[in-house]
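Here's the structure, in structure tokens; my notes come after.
2 protein chains.
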Amino acid sequence: MRALVVEDDRRIASDLERALSSAGFRVERIEDGETAWFRGGTESYDLIVLDLGLPRLDGLTVLKRWRAEGCESPVLILTARGAWTERVEGIDAGADDYLPKPFRMEELIARARALVRRSGGRATSIQQVGDLLVDLNRMSVAVSGVPVSVTPLEYRLLSYLTLHRDRTVSPSELLEHLYGDDDARDANALEAVIARLRRKVGPGVIQTRRGFGYDLGVAG
Amino acid sequence: MRALVVEDDRRIASDLERALSSAGFRVERIEDGETAWFRGGTESYDLIVLDLGLPRLDGLTVLKRWRAEGCESPVLILTARGAWTERVEGIDAGADDYLPKPFRMEELIARARALVRRSGGRATSIQQVGDLLVDLNRMSVAVSGVPVSVTPLEYRLLSYLTLHRDRTVSPSELLEHLYGDDDARDANALEAVIARLRRKVGPGVIQTRRGFGYDLGVAG
DNA sequence: CGGAAAATGTCAGCGGATTGTCAGCGACAT
DNA sequence: ATGTCGCTGACAATCCGCTGACATTTTCCG
């Protein structure tokens, strides 16, 4: 599941990225209209979240050009609260759904899933890596078919590794993901979480790359 | 493209008819709930615009009955401006979109088009999850066949969980659903409702996932 | 209206789950 | 060997959700 987020407000973009990636999307971020136009026309995404107020090239224009070029990815547009004209224009321009700002992340996720499902994309919120199974919808975990109960922190760690299974994730990146920049923790806190997780999912699932970080066993 | 307009205010109904026909719909008009129920259940439309304040039979009831009978036409409901409860109930009852009055015709048309474009699957009115049975029509609840009397708030909580049985619902999302953003409540209010509900439906129906939220026992 | 009954919100406190910290240990590389 | 990195178990503090009692609001009905 690839998602493209086109949003110039860093803060919102970050929230979106976090929410979408923990919902199982691999997220790419773009901050201005021209780049968005290029990327959306070239690559193929399972979902595009498009803010209408963009620098360099207006979101509506971008959307129209995409559609003109035959881009069929489902597009969810973000509009300002009272701006009903935007909504109308957006839908006429080929948007599949819209969400007025400010919005609740859960609602965005729900709509995103609905869009993906509707567009025929396999809305697989279930991630499988080796014997490990992570259901991003239920927020549940199983190993070799046996359900395992994990705590919120453990779940976040595990889903993050799952979504980045193709590489080794550094401890600092994990720390940043689990806690904010704000209340940073000791590296040992992370190790404690890993240890507890390993006790639950069994050894061999989370592998340590000494000096580099952690990954799931599949790595090459 | 057949559209059904259910609206008792002649003035509004005329406007709707004019706008919809110039958007390419063949429009039929109905002014009271009972007739609407009959027609919607019998005929098949590409779009239904439904006012909630109707003579003889309330719009919400009509909608629920349609859905109960298997009518799957996309329904756009018209609600009074501030009435968020109507909005919520409407969507719970199976509406596909809503528009608060007063509205611009352009927006209605845009939404109508969007709805028609994506005529997809929809929910039925009797929901069963494990031993729990929630009838969205009659707004009644039963556990293992035994009817349980629940209060309005409890019902809304339960039906929300039922409609989102495929995932774990966070407390904040539940709070937002039960109360608006406007008059927010303490998280403890929610816990109180849950506690009282559990006393009625028995333990094990609503499960707590500490740190995540609540779901119905069907977990995977 | 007005009072009773039902529904709901609030509070304080409990109990347990979760998680950070620490100290010590093992293992790996040079 | 030895210093560094990562692991582990124990412990403590914190957080989260539950409960029962009580206060407040809403609803119902005469």
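First to last, the protein sequences are chains A and B.
According to this note's numbering, the first sequence is numbered sequentially starting from -18.
According to this note's numbering, the second sequence is numbered sequentially starting from -18.
Just so it is clear, CB atoms sit at the ideal spot from N, CA and C, and this is done for glycine as well.
{"Query": "Can you list, in chain order, the residues of its chain whose CB lies under 7 Å from that of residue 41 of chain B, leaving out five sequence neighbours each side?", "Result": "33, 70, 71, 74"}
{"Query": "Tell me whether residue 183 of chain A, by its Cβ, gets closer than 7 Å to a heavy atom of the ligand GTP.", "Result": "No copy of the ligand GTP occurs in the structure displayed, which carries no ligand at all."}
{"Query": "The beta strand (DSSP E) that contains residue 9 of chain A, what's its start and end?", "Result": "7 to 11"}
{"Query": "Quick one: is residue 109 of chain A buried, meaning 16 or more other Cβ sit within 10 Å of its Cβ, or exposed?", "Result": "exposed"}
{"Query": "According to the Cβ coordinates, are residue 137 of chain B and residue 159 of chain B closer than 8 Å?", "Result": "yes"}
{"Query": "Could you check which residue in B:131, B:150, B:193 has the C-alpha nearest to that of residue 180 of chain B?", "Result": "B:131"}
{"Query": "Following the continuous alpha helix (DSSP H) through residue 34 of chain A, name the residue where it begins and the one where it ends.", "Result": "Segment: none, residue 34 of chain A is in no alpha helix (DSSP H) and carries neither H nor E."}
{"Query": "Compute the Euclidean distance between the alpha carbons of residue 15 of chain B and residue 30 of chain A, then round it to the nearest angstrom.", "Result": "42 Å"}
{"Query": "Considering only residues of the same chain and omitting the five flanking positions on each side of residue -12 of chain A, which have a CB-CB separation below 6 Å?", "Result": "-6, 32"}
{"Query": "Establish whether the CB of residue 198 of chain B and some CB of chain A are separated by less than 8 Å.", "Result": "no"}
{"Query": "Between residue 115 of chain B and residue 89 of chain B, which are expected to be in contact by the criterion C-beta below 8 Å, what is the C-beta distance as a whole number of angstroms?", "Result": "Not a contact, Cβ separation roughly 32 Å."}
{"Query": "Anyone know if the C-beta pair for residue 150 of chain B and residue 112 of chain B falls short of 8 Å?", "Result": "no"}
{"Query": "Please tell me whether residue 118 of chain A has its Cβ less than 8 Å away from any Cβ of chain B.", "Result": "yes"}
{"Query": "By the 10 Å Cβ neighbour count, where 16 or more other Cβ atoms means buried, how is residue -1 of chain B classified, buried or exposed?", "Result": "exposed"}
{"Query": "Start and end of the beta strand (DSSP E) containing residue 114 of chain B?", "Result": "113 to 116"}
{"Query": "Does the beta carbon of residue 81 of chain A come closer than 8 Å to any beta carbon on chain B?", "Result": "no"}
{"Query": "For residue 104 of chain B, decide whether its Cβ has a neighbour in chain A, counting only Cβ atoms nearer than 8 Å.", "Result": "Legend: pLDDT at residue 104 of chain B = 36, less than 50; position of this residue unreliable, value from coordinates given subsequently. For residue 104 of chain B, the answer is no, since every Cβ of chain A falls outside 8 Å of its Cβ."}
{"Query": "Going by DSSP in three states, residue 152 of chain B sits in which element: helix, strand or coil?", "Result": "helix"}
{"Query": "With a threshold of 8 Å between beta carbons, is residue 46 of chain B in contact with chain A?", "Result": "no"}
{"Query": "Closer than 6 Å by C-beta to residue -8 of chain A: which residues in its own chain qualify, once you throw out the five before and the five after it? Chain order, please.", "Result": "none"}
{"Query": "Rounded to the nearest angstrom, what separates residue 133 of chain B and residue 10 of chain A at their Cα positions?", "Result": "43 Å"}
{"Query": "Between residue 122 of chain B and residue 186 of chain B, which are expected to be in contact by the criterion C-beta below 8 Å, what is the C-beta distance as a whole number of angstroms?", "Result": "Incorrect: roughly 10 Å between the Cβ atoms, too far for contact."}
{"Query": "If you draw a straight line from the C-alpha of residue 57 of chain B to the C-alpha of residue 46 of chain B, how long is it?", "Result": "15 Å"}
{"Query": "When we look at the beta-carbon of residue 97 of chain A and count the other beta-carbons within 10 Å, is it buried (16 or more) or exposed?", "Result": "buried"}
{"Query": "Tell me the DSSP secondary structure of residue 83 of chain A in three-state form.", "Result": "coil"}
{"Query": "Mapping DSSP to helix, strand and coil, what is residue 78 of chain A?", "Result": "strand"}
{"Query": "Among the candidates A:153, A:163, A:61, whose CA atom is the shortest distance from the CA of residue 172 of chain A?", "Result": "A:153"}
{"Query": "Grab the span of the beta strand (DSSP E) containing residue -4 of chain A for me, first residue to last.", "Result": "No beta strand (DSSP E) contains residue -4 of chain A, which is instead part of the alpha helix (DSSP H) from -9 to 3."}
{"Query": "Counting along the chain, where does the beta strand (DSSP E) carrying residue 128 of chain A start and finish?", "Result": "127 to 129"}
{"Query": "Who does residue 189 of chain B pair with in a DSSP beta bridge?", "Result": "B:195"}
{"Query": "Determine whether the beta carbon atoms of residue 27 of chain B and residue 118 of chain A lie at a separation below 8 Å.", "Result": "no"}
{"Query": "Drop a sphere of 10 angstroms on the beta-carbon of residue 199 of chain A, count the other beta-carbons inside from all chains shown, and report buried for 16 or more, exposed for fewer.", "Result": "exposed"}
{"Query": "At which residues does the alpha helix (DSSP H) containing residue 173 of chain A begin and terminate?", "Result": "168 to 182"}
{"Query": "Using C-beta distances below 8 Å, list every residue in its chain close to residue 44 of chain B, excluding the 5 sequence neighbours before and after it, in chain order.", "Result": "31, 56, 58, 71, 74, 75, 76"}
{"Query": "For residue 54 of chain A, which three-state DSSP category applies?", "Result": "coil"}
{"Query": "For the segment 135 to 168 of chain B, which residues have a beta carbon sitting closer than 7 Å to at least one beta carbon of chain A?", "Result": "147, 148, 149, 151, 154, 157"}
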